[in-house]
Amino acid sequence: MNAPTEHSLIAQIEARAASLEQKVIAWRRDFHAHPELGNRELRTSRIIAEHLQSLGLDDVRVGVAHTGVVGTLEGGKPGPCVGLRADMDALPVTEMADVSFASKARTDWAGQEVGTMHACGHDCHVAILMGVAELFAGMREHIHGSIKFIFQPAEEGLPDGEHGGAKMMIEEHALANPKVDAIFGLHVMSGLNAGQVGYRPGAMMASTDNFFIKVKGRQTHGAMPWLGADPIVASAQIIMGMQTLVSRQMDIMHEPAVVTIGSINGGVRENIIPDEVLMRGTYRTFDEEQREFLRERIADTATNIACACQTTADVHIVKGYPVTVNDPKLTLWSIPTLSRVAGDAGVVHVPKTGGGEDFSYFQKEIPGAFYFVGITPRDQDPAKAPANHSPYFYVDESGLLLGLRLLAHLVVDYQHKPAY
Ligand SMILES: [Zn+2]
Ligand SMILES: [Zn+2]
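In this text, residue positions in the sequence shown follow the working numbering: the first is 1488, and each later residue adds one.
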């Protein structure tokens, strides 16, 4: 595109974004006061769908992967299809943040009554993407290609036995008709100040697999351990063995990794060696080969150490999200866009984070880039701010406009000068 057109298009986007800022904040507060857990985002989903329909989008699909909504806006000129994704779900956290629209919601999670809060900021993601849809719906003659607005349920995990999230959105063709050529997503982050945007080419967020180990021994008197088989001593050795996987068997100069046992239960009193011990843990990696290595070695280490202790270990691994890998070419392509939106000083090359994101499933299908948007007040040290998932998680709403502008600029830049 030639420079004058680009200039006027950018100016138009900037003006429309600024005029939508208060609307985005109002939507965000409403969603914040009415949080819903994964696969239960009924109210959220209804409001999104009504908004997209009121904008006259060409296609609005509801009920995708349970409560997901996918809207498509066809531009006036031919070009690529850019996907934008927002996750919609809240967390089983009781809000402690001091805001007038704090959540008072309570609901049932895994059989327990819990408070519910948008403690990860997905309320912001939904409000921002609704804003982007409105921004472009009013200027479709200037759009070169199409835009797909993907509102995804259940990023934070699923109720027991249910299916959902990004993986199910893809299975239900969220990336098809029209086929999405590249996808962008963002996450508000306490670790950055309002006005900052974080990027990282390559691995950004970890794979998140969990494991469950049952060590079976043979119950006996605590004074005569030789008459049975002690699963507690076996478990102690298994834990120490697992802690050498990363430190002795993996090339941590390539990528870091973590193995954690977060729960251990066995026995009822001091003089009885119990029959069994249950352990639960998680492992995080930034490389799919290392992920596979740990999956195998955790099982082998537990079963072989258990065998050496005359016990047995049943190892059950529950796969979580793949590594969130930002397409390097697309991410590097986007840096000038980030600089235009946040200024050079506002663009931060962020470190990896051990949390996971199911945006990774979209990135396995098509080139995708994920960004962090700062929401900690500018006069506060983000390292000391309550983190995402804290009951005190706080969003400085002056940071939301940057999220809206970021997605809008990425769309027009991609459509005028695609990375691929
Ligand atoms: Zn989260
Ligand atoms: Zn999140």
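For glycine and all other residues, C-beta sits at the position ideal for the given N, C-alpha and C. Computed from a predicted structure; not experimentally measured.
Problem set entry | Residue burial classification, ASN1752 (beta-carbon count within 10 angstroms, cutoff 16) | Exposed, because fewer than 16 other Cβ atoms sit within 10 Å of the Cβ of ASN1752.
Exercise. If GLY1672 sits next to PHE1857, beta carbons under 8 Å apart, how far is it from one beta carbon to the other, in whole angstroms?
Worked result: 5 Å
Problem set entry | Through-space distance from ILE1534 to HIS1553, alpha-carbon basis | 15 Å
For this session: Report yes if the C-beta distance between GLY1685 and HIS1836 is below 9 Å; otherwise report no.
Result: yes
Exercise. Using CA coordinates, which residue listed in PRO1823, THR1731, GLU1642 and THR1747 is at the minimum distance from PRO1809?
Worked result: GLU1642
Problem set entry | Limits of the beta strand (DSSP E) - the one that THR1818 falls within | It is not in any beta strand (DSSP E) - THR1818 instead sits in the alpha helix (DSSP H) that spans 1815-1829.
Exercise. What residues are listed by DSSP as bridge partners for ARG1767?
Worked result: Residue pairing by DSSP places ARG1767 opposite PHE1699 and SER1750 in a beta bridge.
For this session: Return the CA-CA distance between ASN1489 and LEU1496, expressed in angstroms with no decimal places.
Result: Since pLDDT at ASN1489 reaches only 49, below the 50 mark, its modelled position is unreliable, and no value is offered.
Exercise. Beta-carbon separation of LEU1894 and VAL1557 under 9 Å?
Worked result: no
Exercise. Which parts of the segment 1577-1657 are runs of the alpha helix (DSSP H), unbroken and 4 residues or longer, counting only runs that do not cross its ends?
Worked result: Qualifying alpha helix (DSSP H) stretches, in chain order: 1609-1624.
Exercise. Excluding the five sequence neighbours on either side, which residues of its own chain have a C-beta within less than 7 Å of the C-beta of TYR1901, listed in chain order?
Worked result: PRO1567, VAL1569 and ALA1669
Exercise. Who pairs with LYS1555 in a beta bridge, going by DSSP?
Worked result: In the sequence on display, residue 1555 carries Gly and not Lys. For GLY1555, which the question treats as bridged, DSSP gives the partners VAL1551.
Problem set entry | Where SER1694 sits in the DSSP three-state scheme | Correct three-state label for SER1694: strand.
For this session: Kindly indicate the opening and closing residues of the beta strand (DSSP E) around PRO1565.
Result: 1564-1574
Exercise. Within this structure, are the beta carbons of GLY1861 and MET1676 separated by less than 9 Å?
Worked result: Contact check for GLY1861 against MET1676 passes: the beta carbons are separated by less than 9 Å.
Exercise. In chain order, what residues of the same chain lie with their CB nearer than 7 Å to the CB of ASN1773, ignoring the 5 residues before and after it?
Worked result: The displayed chain sequence assigns Phe, not Asn, to residue 1773. ALA1690, ALA1693, GLU1742, PRO1743, VAL1810 and LYS1839, listed in sequence order.
For this session: Assign HIS1803 to one of two classes, buried (16 or more other C-beta atoms within 10 Å of its C-beta) or exposed (fewer than that).
Result: exposed
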